[in-house]
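Start counting the sequence shown at 8; every next residue gets the next number (the working numbering).
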Amino acid sequence: MAGHSKWANIQHRKGAQDAKRGKMFTKIIREISVAARAGGGDPGNNPRLRTAIDKALGANMNKDVVERAIKKATGELEGVNYEEIRYEGYAPGGVAVIVDCLTDNKVRTVADVRHAFGKFGGNLGTDGSVAFMFRKLGVLSFAPGSDEDAVTEAAIEAGAEDIVVYPEDGSIDVLAPPEAFDDVKAAMASAGIEPAQAEVTFRADNDIAVEGDMARQVAKLLDWLEDLDDVQNVYSNADLGEDAYA
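See below:
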C-alpha cells in the first residue's frame, strides 16, 4: 500500500453517487431486477436480492418502488430484461479496471465503455485480462475515529476473515467472504457496531500508486465510467492520492 487514504477515496465516491441520486436509483432498480429474475423474488432465499434491497432502502428509495421492480422481474408486471456484461481494461499508469454493466443494448454499452477508456488514455482489454488481479469480498468500512478495539472484537466474534486498520487515518475495513457477508454484518449490528458503508465488492490483491496529473486522469476515467447509464459498478487497483480529486 502506498499510504493514500482509502477513506478519502470512499467518501469521494459516495459524494459523487449522492450527487447523482437519480442515476443511482436507476442502477439499484436494475440490480434488484436482475437479482430477482435470477434467484426469485423472496429476499429471504435470495442473498443478492436482499443486498440490493438493503442498498435501496439505505439510499431512501420508496418501498413501493422496490416491490414494483421485483414484480416486474418475476413476471407479475411487464418489465425490461437486462443482461449482465463485464468489461476489463487498463487506465493510464497500468491501472487495472473492471466495469460491470446491466444493459438491454450491448452494442450501445460496449461503445460507451470503449469511448470512455479511449477518451482518458486507457484501453479496453479482453475477457480475463485483469480479473485475475481481483477477488470478491464483503467489506464493512468504518470511519476514522472508530473504536479499533470494539470493531476488532465484534468482527472476530462475527466470524470475519480479516480486519485492516489504515494507520494514515485510522479508518478500518472488516473483510468477510461473500457468502458470509450478511451474517457478519448482522452479527456486528447485533453487537451495536454499525459500519459507515458495507458492500460486496471486488478488491485488488495489490494496488498501484498513481500521483499528480496521471492520478487525476485515472479519477476522471473512473468517474466517467460510473456515470454511464448501463454501468453498475467500477472496480480498479488504483491507489489515488487526495489530489486526484482536486
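Here a beta-carbon is modelled for each residue, glycine too, at the ideal position from N, C-alpha and C. None of the values given here were measured: they were computed from a predicted structure.
Expected contact under 8 Å - CB spacing of residue i and residue j to nearest Å
{"i": "Asn244", "j": "Asp214", "result": "5 Å"}
{"i": "Ile105", "j": "Tyr242", "result": "4 Å"}
{"i": "Asp111", "j": "Asn88", "result": "7 Å"}
Of the listed residues the options, nearest to residue i (C-alpha basis)
{"i": "Gly129", "options": "Lys62, Val158, Asn67, Lys227", "result": "Lys227"}
{"i": "Arg142", "options": "Thr208, Glu175, Lys70", "result": "Thr208"}
{"i": "Ala198", "options": "Leu144, Glu218, Ala162", "result": "Ala162"}
{"i": "Ile35", "options": "Ala45, Gly48, Arg44, Met68", "result": "Met68"}
{"i": "Pro202", "options": "Phe149, Glu155, Leu182", "result": "Phe149"}
{"i": "Glu90", "options": "Leu131, Val117, His122", "result": "Val117"}
{"i": "Ala183", "options": "Val171, Ala59, Gly145, Met195", "result": "Gly145"}
{"i": "Asp180", "options": "Ala187, Ala194, Glu206", "result": "Glu206"}
{"i": "Val41", "options": "Tyr97, Ser153, Gly86", "result": "Gly86"}
For residue j and residue i, the rounded distance between their alpha carbons
{"i": "Ala138", "j": "Pro151", "result": "30 Å"}
{"i": "Ala9", "j": "Glu218", "result": "For Ala9, the pLDDT reaches just 42, beneath the cut-off of 50, and the residue's location in the model is therefore unreliable, although a value from the coordinates is still provided. Roughly 10 Å separates the two Cα atoms."}
{"i": "Asp169", "j": "Val191", "result": "12 Å"}
{"i": "Asp165", "j": "Val158", "result": "Just to set this straight, residue 165 is Ala in the shown sequence, not Asp. Roughly 10 Å separates the two Cα atoms."}
{"i": "Asp107", "j": "Asp71", "result": "26 Å"}
{"i": "Arg223", "j": "Phe127", "result": "10 Å"}
{"i": "Glu175", "j": "Leu84", "result": "50 Å"}
{"i": "Arg115", "j": "Glu249", "result": "33 Å"}
{"i": "Gly125", "j": "Gln204", "result": "32 Å"}
{"i": "Asp236", "j": "Met195", "result": "34 Å"}
{"i": "Asn62", "j": "Ser178", "result": "Note that residue 62 corresponds to Lys in the displayed sequence, not to Asn. About 22 Å."}
{"i": "Leu232", "j": "Val73", "result": "25 Å"}
{"i": "Ala80", "j": "Asn52", "result": "16 Å"}
Minimum Cβ-Cβ distance from residue i to chain B less than 8 Å
{"i": "Ala222", "result": "The structure shown contains no chain B; it holds only a single protein chain."}
Identity of the residues DSSP links to residue i by a beta bridge
{"i": "Asn130", "result": "Tyr97"}
{"i": "Lys143", "result": "Phe209"}
Segments of 4+ residues assigned as alpha helix (DSSP H) that fall wholly inside the segment 69 to 126: Counting only runs that start and end inside the segment 69 to 126, the alpha helix (DSSP H) elements of at least 4 residues fall at 70 to 80, 113 to 126.
Any beta strand (DSSP E) of 3 or more consecutive residues that is wholly inside the segment 206 to 248: 215 to 217, 238 to 243, 245 to 247
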